[in-house]
Each structure stands twice: as structure tokens, then as C-alpha cells.
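Protein sequence lines, in the order shown, are assigned to chains A and B.
As numbered in my numbering, the first sequence has no gaps in its residue numbers, which increase by one up to the final residue, 1083.
As numbered in my numbering, the second sequence has no gaps in its residue numbers, which increase by one up to the final residue, 1083.
2 protein chains.
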Amino acid sequence: MIRKPTSKEARKPNMREAILAAAEELFAINGFNAVSVRDIAHAAGANPGSVTYHFKTKDGLLLEIYRRHCGPMNLRRSELLAAARRVRDLQDRLEAIVRAYVVPAFTSGSDLAGGGARFTRLRAVMSAEGNEVARKIIAQTFDDTSHAFIDAIHDSLPHIPRTDIVWRSHFLLGALYYSLVTPDRVSRLSRGEADGGDAASAIEQLVQATVAAFQAPPLDHAAPARRRPVVSSKT
Amino acid sequence: MIRKPTSKEARKPNMREAILAAAEELFAINGFNAVSVRDIAHAAGANPGSVTYHFKTKDGLLLEIYRRHCGPMNLRRSELLAAARRVRDLQDRLEAIVRAYVVPAFTSGSDLAGGGARFTRLRAVMSAEGNEVARKIIAQTFDDTSHAFIDAIHDSLPHIPRTDIVWRSHFLLGALYYSLVTPDRVSRLSRGEADGGDAASAIEQLVQATVAAFQAPPLDHAAPARRRPVVSSKT
DNA sequence: ATGTGATTTGTACTATCGTACAAAAGATCA
DNA sequence: TGATCTTTTGTACGATAGTACAAATCACAT
């Protein structure tokens, strides 16, 4: 049976959502271990016991955050990837593919407020902390998508070995993560000329740089053809 | 007065060093907050109280790890950068500069065993966790070096705006960090064809990709000259 | 050998952690 | 209204955290 959604969803403060939002925010900034259940409850204006009631454990809370975002974000990526694959021009297609990977990570990957940037930052931090809950759910949720992107890129760059493409897409994710983790560093190093927190700039810069990286000549593992500049490594 | 170093340094178990090494290892893998002083002491075969004796606090221990590595690593980077700057050919010089930035992060940045990769991974994790102690010492230790590298790259790529170079070197560091944090992901996504843990591969791949990224055409902030492929963002 | 300073050990203290659980409060419908 | 289910609150418990500190031990010059 379907009750009128307005009177139910709108009126209630919906503590569950508030807790999720607060946890997401705090985890994304400080990491999983540095944030206590009490911190989260306080930030959400809830009682510590309420967190246990809704999510049973702290791990369960993190798990629910992932469940909330992974689906929509993956879906959006798939849609954008499918559209990108239909681009005729090979150069344009590559850029469209990269964009399809990057954009959902910055903009809202779901209908939740604040957008996907926070969740992507959360993923970056969890990955750095080696969080087990995150590791498991990520591997089983994003690896398919990652393979799809790698395949698509490989299709538009047939002369580049798959191995190289894997490395370069790995670098892309690392750059993406780091841009969300310490945007202030960009502002600082550019002496205020660039705003590291500006998502639009980050996306454009990242796409431009990454497309060029993908197009770099392949590494010939057998015989290094090009003379390599030698730098003294004496101490 | 100088006592014979063999009888003094070699014979003693040197708990202080063991604690430092254990802490570095554990922090780099699990993050700062997830590792307890007792964990460190146990891994080093020491008593928890001994950690307090040598480093006063847990923060002090982390600080000492940074102090131990930052100097040598910065020095080595400066040397390599100076050598790279003397490379005549502009293309080769750019590659040498990037290499001067990347290599010390992977190989031993100091004379300590295990090499700088562990310390670089530690930095990556601390950065993700937003660790205050690390943030402070990093900003005051590495920003000068970072600026020097940015300037050097700018010199060899005069037609690229400094802002773009800052972004791209930021991406470089992010890719570098991520390669050290989750090397297994490379192995997994390449279906075993690449070994993400192999430092030599990582360095070559990273250098090659990054050089290409730096050489990408600049982003014209005023008027986007090139037609940009549009991808439907309908849901 | 012995005294002295450096180091290691063992233990204890307080704070805070995740979580459990009973009671209170609120919502829903006959 | 009263019964029933859901949600929130308050409190408590055991575990573990960082750190302090006195006692024990070690290294070594005299």
C-alpha cells in the first residue's frame, strides 16, 4: 500500500538520514577511525543510542553509506559511458569516456544533497586507511565499471597495450581522489591563482591532462626504443 | 668525543630504531588512528612505556618519523632536480625533472632500510586522514621543493600557464600516492598482467604518463577554442 | 667492582571507545 | 481512548586508548 509520501517523509525530522549525512561528512574529512559514534550522533543532533538502533554497528553505518551511493553513481557512469561510446571521432570519444568517468565522481552521483564529491572523497580516505568494509564493497561494486571503462578506452586507443591503460586509469583515479582530499594544496601552490575546491576547474584540468596521458606513446617493455635522459643518482 | 661506532651501534638492539621502523610500517598500512602505541611496541618487541620514554607522545613519534625522512628525501630531490635542469633537450629535460620528483619517492629517500616508498605511502595515508602533525610539517618542508619543481617544469614548458602546471603536478602526486596505497588494484584490473607493487614499472608508467600530461595543450580559460564533445547528462 | 646515568619494564590512572538495553516518548489505527 | 509498534533517550558495561611513573635493569667510566 502506498501512503501519501508528503505527510510521512516531509514532516518527520528523519533522524536516520541526518545520521547518514553527518557520518558521511565526518568520515570523508577525518577518516573512519578518528570519528566516534558519539561525534556522529552529536553532529546529527541525535542520541548515540539512535545510531545503534538504525545501523546496529559503526561498520553497518559505513556500509549503508556505500549502499546509498554506489548504485546511482554506477548507473550514471554506465549511462555516460554508453553515450560516450557512440561518439564518432576517436579523439572526442576518448575525452567523452574520461569525462564520463570523472564527472559523476564530482557531481551528484545520486539524488542526495551535497553531491558525489563528498562520497568520492570518503572513498579516497577509506582506501587510504585500508578500511576492510570499504575494500570489499568497492571491489565487488566498481571493478565491473572500471573494466568497462578500460575496455572502452582500449577500443579508442588500440595501439596502446591494455597494461598501460590500466596503469594510466589507475593514475586517473589517484589524481581524482587527491584533488578531493587536499584541494587547498592547489590553491596554495598556485599562490591563489587557482581554486582547488572548484569542481568545474578540477574536472576540466583532470580531463585534459588525463586524455593526454592516455595518448602517450606506449611503454615498450621489450626494447626501450627512445634514448632515456640519464640523471646522476650519486649521493 | 667519538667512540668506536661498531661496538656501540652494532651490538645494541637499538630499541629506538626498532620502534621507529615498526611505527612507520604500521602507520603506512593502517593509518595513524587505527594503530595503538601498544601495537607499535609489540611489533618492535618493546614495552609500551619505552615508546613514551623515547618519543614522549604518539604525535611525537610520528613527528620523528617525518624528521627522519624529510631532510634526506628533499636533498636527493634537489640534487636530481639540479641535474635535470642541466639537460639540454627540452623534452628530455622535462622527463628528467619528472623523474627527479618521482624516483626519490619510490626508492630510498634516506639511508634507512626499506626505502622511501614506505614513507611516501605513510605521507599519502596521513594526508588522507587529514593528520594535523603531518599537515604542518609537510607544508613547511615540501612546499619549497614543490615550487622549485613547478618552476623548473614551467621553464621547460613556457607556453603552459603556471596554473595548469600546478594542477598537473598535483595530479602527479595524487597518482604517485595512490600507486603506493593500493598497488594490488593495478594487478587486479590488469588481470595479473601487471604487478602494481613493482616500483620500476610504476615509475616508468608514471613518468611516461605524466610527461604527456604536462605537454597537453593548455586550458584556455577565456575562450574554449576546441569544440568539446557533448555527452547527454539526462538521467 | 661499583657507582651513575640511560634505558626498559610493569603497572596504574583516567578518558573514551563501541555497543547493549531498559525505559520513555511518539506515532498509528481500531 | 487505548493498544501496539516504532523511535528516541539515558545510562551502563567492558575493552582499550594514551600516557605517567616508580622500580628494575643495563651500560660503562672510574
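Using N, Cα and C, we set each Cβ at its ideal position, and we do this for glycine too.
Asked	Found
Minimum Cβ-Cβ distance from residue 1067 of chain A to chain B less than 7 angstroms	yes
Min CB distance residue 1074 of chain B to chain A below 7 angstroms	The predicted model places residue 1074 of chain B with a pLDDT of 49, which falls under 50 and marks its position as unreliable, so this point remains unresolved.
Own chain, CB closer than 8 angstroms to residue 950 of chain B, minus 5 neighbours either side, in chain order	1020, 1024, 1051, 1054, 1055, 1058
Candidates A/1068, A/1063, A/968, A/1014, of which the one nearest residue 1044 of chain B by Cα	A/1014
Residue closest to residue 930 of chain B, alpha-carbon to alpha-carbon, out of B/984, B/891, B/993, B/918	B/993
Test: residue 994 of chain A CB closer than 7 angstroms to a CB of chain B	yes
Amino acids of chain B, ordered along the chain, whose beta-carbon sits closer than 7 angstroms to that of residue 1007 of chain A	Within 7 angstroms Cβ-Cβ: nothing; residue 1007 of chain A doesn't reach chain B, min ~14 angstroms.
Neighbourhood of residue 879 of chain B by C-beta, 7 angstroms cutoff - its chain only, sequence neighbours within 5 removed	973, 977
Within chain B, the residues that residue 1030 of chain A reaches when beta carbons sit closer than 7 angstroms	975
Interface partners of residue 1019 of chain A on chain B, CB under 9 angstroms	1019, 1020, 1022, 1023, 1024, 1026, 1027, 1053, 1054, 1057, 1058, 1061
Distance cut-off 6 angstroms: residue 901 of chain A Cβ against heavy atoms of the ligand SAM	No copy of the ligand SAM appears in this structure; indeed no ligand is present at all.
Contacts around residue 883 of chain A, its chain only, beta-carbon distance under 8 angstroms, and the 5 residues preceding and following it disregarded	871, 874, 875
Top-ranked residue by Cα proximity to residue 904 of chain A, from A/885, A/945, A/954, A/890	A/885
Near-chain B residues of the stretch 1037-1052 of chain A (beta-carbon distance less than 7 angstroms), N- to C-terminal order	1037, 1038, 1041, 1042, 1052
Within chain B, the residues that residue 1012 of chain A reaches when beta carbons sit closer than 9 angstroms	1042, 1053, 1056, 1057
The alpha helix (DSSP H) enclosing residue 1031 of chain A, as first and last residue numbers	1031-1037
Inter-residue spacing [alpha-carbon to alpha-carbon] between residue 890 of chain A and residue 896 of chain A	8 angstroms
CB contact below 7 angstroms: residue 922 of chain A versus chain B	no
Residue nearest to residue 919 of chain A in terms of C-alpha spacing, selected from A/867, A/933, A/1006, A/952	A/952
Neighbour-count burial assignment, residue 979 of chain B, 16 or more Cβ in a 10 Å radius	buried
Closest Cα partner of residue 881 of chain B within the set B/1033, B/982, B/1009	B/982
When A/1042, A/1017, A/1029, A/865 are compared against residue 1010 of chain B, the one with the closest alpha-carbon	A/1042
For residue 990 of chain A, three-class secondary structure by DSSP	helix
Identity of the residue in B/986, B/998, B/989 nearest residue 948 of chain B by Cα	B/998
Contacts of residue 972 of chain A in chain B (Cβ-Cβ under 8 angstroms)	976
Under 9 angstroms (Cβ pairs) to chain B, residues found in the stretch 871-882 of chain A	877, 878, 879, 880, 881, 882
CA-to-CA distance, residue 1027 of chain A to residue 1063 of chain B, given in whole angstroms	20 angstroms
Cross-chain neighbours of residue 950 of chain A in chain B, by beta carbon under 8 angstroms	Those within 8 angstroms of residue 950 of chain A in chain B number zero; the least Cβ separation is about 11 angstroms.
Secondary structure of residue 936 of chain A, DSSP reduced to three states	coil
Short CB-CB distance (under 7 angstroms) between residue 886 of chain A and chain B	no
Proximity to residue 1029 of chain B [Cα-Cα], best of B/954, B/869, B/924	B/954
Cα-Cα separation, residue 987 of chain A to residue 996 of chain A	14 angstroms
Where the alpha helix (DSSP H) through residue 1058 of chain A begins and ends	1047-1063
Contact set for residue 935 of chain B: own chain, Cβ-Cβ below 6 angstroms, skip 5 residues either direction	941, 944
Cα-Cα separation, residue 906 of chain B to residue 1005 of chain B	44 angstroms
Below-7 angstroms beta-carbon distance, residue 1064 of chain B vs any chain A residue	yes
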